[in-house]
Amino acid sequence: MPVSLAYYALPGSITVPGAHAAYLDDLPCDLPALCRVVQGLLIHIFWAEQYGVQLTAAQRAEVQLRLVARQLERIVQSDPRPLTQARPPHKRLVGNCRDFSVLLTAMLRRQGVPARARCGFGRYFIPNHYEDHWVCEYWNAAQQRWVLVDAQLDEPQREKLGILFDPLDVPRDQFIVGGKAWQLCRSGAADPDSFGIFDMHGLWFVRGDFVRDVAALNKVELLPWDSWGLAEGGDEMLTADDYALLDHLAELTCGDVPDDVPVRRLYEGDARLRVPATISSYTQAGKQTVTLTPA
């Protein structure tokens, strides 16, 4: 396996499964079944009512779990059965698109399949809008290409949203990775205000997702509201050098096959990109200072 693929076949600090790793060893190896496993373990915080679930405050707090090891711990504590046994909706771990993507990424890496979570924007949630979103991307050895997978889109969601494409092979014009979104906005090909979620939108939001995608390409898949370095601050705070760096990174990461070696070199060598030990996290409770800890 080429070095670049081998890198993504191993877990990073977020996707290492920890004490409950053995639970990942009895999972199916085919992608459709693996996605069904993820869907049977997680419930999306914004879709819970569609499944007849009224979330408690404690359940809502589960979206703050960054580490797959902590997620598995919570899942197993709630229901120690094998992960292939779908939990009833009210017993599932509460998460969001990032969690569906990161958990699938961890499962694939456990099986030695190169995989990575991608942060960007989905075009299939709201008409004429690029919605803040995450998907998983894995290396399809048979087809010799990277494939986008939206593990969140189970049958009820596909029906509700009118999804016509295969969620196991999301078209590249339906999910826009962070670097491509940055290019579209910088070139004037797309309106930055059409990118975001709720009342948050604009080039600053695109930049945040872009920087989180760069971190995810380096196997640091943080929460959608985690921020540091070039993800922080308004557009007026950026220098010409900052814009030049982001434009260059966009060129490296916007295509089907990000040039991961130079991306890794830039990430590791530049404090504006590299995730520090302490970050800011913009939760519903307000801005929090978080010290990242290993699993």
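Residue numbers for the sequence shown follow our numbering, beginning at 708 and rising by one. All C-beta atoms, glycine included, are put in the ideal place defined by N, C-alpha and C.
Here's the rule I'm using: 16 or more other beta-carbon atoms within 10 Å means buried, otherwise exposed. How should residue i be labelled?
{"i": "C843", "result": "buried"}
{"i": "H840", "result": "buried"}
{"i": "M944", "result": "exposed"}
{"i": "I883", "result": "buried"}
{"i": "E975", "result": "exposed"}
{"i": "T960", "result": "buried"}
{"i": "L717", "result": "exposed"}
{"i": "G719", "result": "buried"}
{"i": "R879", "result": "exposed"}
{"i": "I782", "result": "buried"}
{"i": "P795", "result": "exposed"}
{"i": "V982", "result": "buried"}
{"i": "G829", "result": "buried"}
{"i": "F807", "result": "buried"}
{"i": "P834", "result": "exposed"}
{"i": "F912", "result": "buried"}
Could you tell me the distance, in whole angstroms, from the CA atom of residue i to the CA atom of residue j?
{"i": "D861", "j": "A923", "result": "24 Å"}
{"i": "V801", "j": "H751", "result": "6 Å"}
{"i": "L811", "j": "S785", "result": "20 Å"}
{"i": "S894", "j": "T791", "result": "46 Å"}
{"i": "R914", "j": "Q995", "result": "20 Å"}
{"i": "A992", "j": "W932", "result": "12 Å"}
{"i": "E769", "j": "G903", "result": "22 Å"}
{"i": "V775", "j": "P724", "result": "6 Å"}
{"i": "Q851", "j": "T763", "result": "44 Å"}
{"i": "G827", "j": "P787", "result": "34 Å"}
{"i": "K798", "j": "P789", "result": "14 Å"}
{"i": "D942", "j": "R767", "result": "31 Å"}
{"i": "N803", "j": "L749", "result": "8 Å"}
{"i": "D733", "j": "A1002", "result": "21 Å"}
{"i": "E650", "j": "W754", "result": "An answer regarding residue 650 cannot be provided, because it is not within the stretch 708 to 1002 covered by the chain."}
{"i": "V970", "j": "V856", "result": "22 Å"}
{"i": "C736", "j": "R817", "result": "10 Å"}
{"i": "Q849", "j": "P709", "result": "The question names Gln, but residue 849 is Ala in the sequence shown. Taking the straight line joining both Cα atoms gives about 15 Å."}
{"i": "L738", "j": "R919", "result": "25 Å"}
{"i": "R805", "j": "E838", "result": "13 Å"}
{"i": "L741", "j": "L815", "result": "9 Å"}
{"i": "Y730", "j": "R777", "result": "13 Å"}
Is the beta carbon of residue i sitting closer than 8 Å to the one on residue j?
{"i": "Y845", "j": "P874", "result": "no"}
{"i": "V809", "j": "I721", "result": "yes"}
{"i": "H836", "j": "L779", "result": "no"}
{"i": "G999", "j": "I986", "result": "With the sequence shown as reference, residue 999 is identified as Leu, and Gly is not the correct amino acid for it. Contact flag set, yes."}
{"i": "A824", "j": "V745", "result": "no"}
{"i": "A793", "j": "G747", "result": "yes"}
{"i": "W889", "j": "L937", "result": "no"}
{"i": "L910", "j": "C892", "result": "yes"}
{"i": "D966", "j": "W853", "result": "no"}
{"i": "V921", "j": "L980", "result": "yes"}
{"i": "F917", "j": "G940", "result": "no"}
{"i": "P863", "j": "Q757", "result": "yes"}
{"i": "L956", "j": "R773", "result": "no"}
{"i": "Y989", "j": "S934", "result": "yes"}
{"i": "S711", "j": "V997", "result": "no"}
{"i": "Q881", "j": "Y831", "result": "yes"}
How far does the alpha helix (DSSP H) with residue i in it extend, from its first residue to its last?
{"i": "V964", "result": "V964 -> no alpha helix (DSSP H), and no H or E assigned at all."}
{"i": "Q1008", "result": "Since the first residue of the chain shown is 708 and the last is 1002, residue 1008 is not available in this structure."}
Under DSSP, the beta strand (DSSP E) around residue i begins and ends at which residues?
{"i": "Q746", "result": "Run containing Q746: none in the beta strand (DSSP E); it sits in the alpha helix (DSSP H), 738-748."}
{"i": "Q771", "result": "Here Q771 belongs to no beta strand (DSSP E), and DSSP marks it neither H nor E."}
{"i": "S988", "result": "985-990"}
{"i": "T998", "result": "993-998"}
Query - Those runs of the alpha helix (DSSP H) which lie wholly inside the stretch 857-921 and span at least 4 residues - result: Runs of the alpha helix (DSSP H) inside the stretch 857-921: 862-868, 885-894.
Query - 3 or more residues per run - each beta strand (DSSP E) lying fully within the stretch 785-853 - result: Here the runs fully enclosed are 800-802, 822-829, 837-847.
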